[in-house]
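Visitor:
Residue numbers (this note's numbering): 64 to 165.
(1) Have a look at 114, 126, 99 and 98 and flag the residue whose alpha-carbon is nearest the alpha-carbon of residue 87.
(2) Among 104, 90 and 111, whose alpha-carbon lies nearest the alpha-carbon of residue 65?
(3) Shortest alpha-carbon distance to residue 74 belongs to which of 129, 130 and 124?
(4) Which same chain residues end up closer than 7 Å to residue 117 when comparing Cβ atoms and leaving out the 5 residues on each side of it in sequence?
(5) When we look at the beta-carbon of residue 81 and count the other beta-carbons within 10 Å, is it buried (16 or more) or exposed?
(6) What did DSSP end up calling residue 102 once you bin it into helix, strand or coil?
Below, the structure written as structure tokens:
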């Protein structure tokens, strides 16, 4: 099961401590019940870093790739499940690894 956090919560979360606290609380609650959490609408590296710090591993948004139709991706020679960093059948979600120095 997956919980998706709307762009309204994600946008500028790096600049709004209250918003980030809400996100972190939601991640904790979702983890408690065994849900994966996906942050939608990620547009900047600062948001990626803040969300990663809040415990989110899966993100989607313009920071990773603009929306594309399946045929457009395949025409570029990229197999659909591997595009935009997607993982294990979730073709529209990027898994964000920890940085090497973390």
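Ideal Cβ positions, reconstructed from N, Cα and C, are used throughout, including at glycine.
Note that this is a predicted model, so its numbers are computed, not measured.
Guide: Working from what's here:
(1) Here the question's residue 87 lines up with position 24 in the chain shown. Here the closest residue by C-alpha is 114.
(2) Taking the chain shown and counting its residues from 1, one reaches residue 65 at position 2. Looking at the Cα atoms, 90 is the closest of the given residues.
(3) Working through the chain shown from its first residue, we reach residue 74 at position 11. It is 124 whose Cα lies nearest to the Cα of residue 74.
(4) Taking the first residue of the chain shown as position 1, residue 117 is located at position 54. 83, 86, 87 and 90, listed in sequence order.
(5) On the chain shown, residue 81 is found 18 positions in, with the first residue counted as 1. Counting Cβ neighbours within 10 Å, residue 81 comes out exposed, since fewer than 16 surround it.
(6) Within the chain shown, numbered from 1, the residue matching residue 102 stands at position 39. Three-state DSSP puts residue 102 in a strand.
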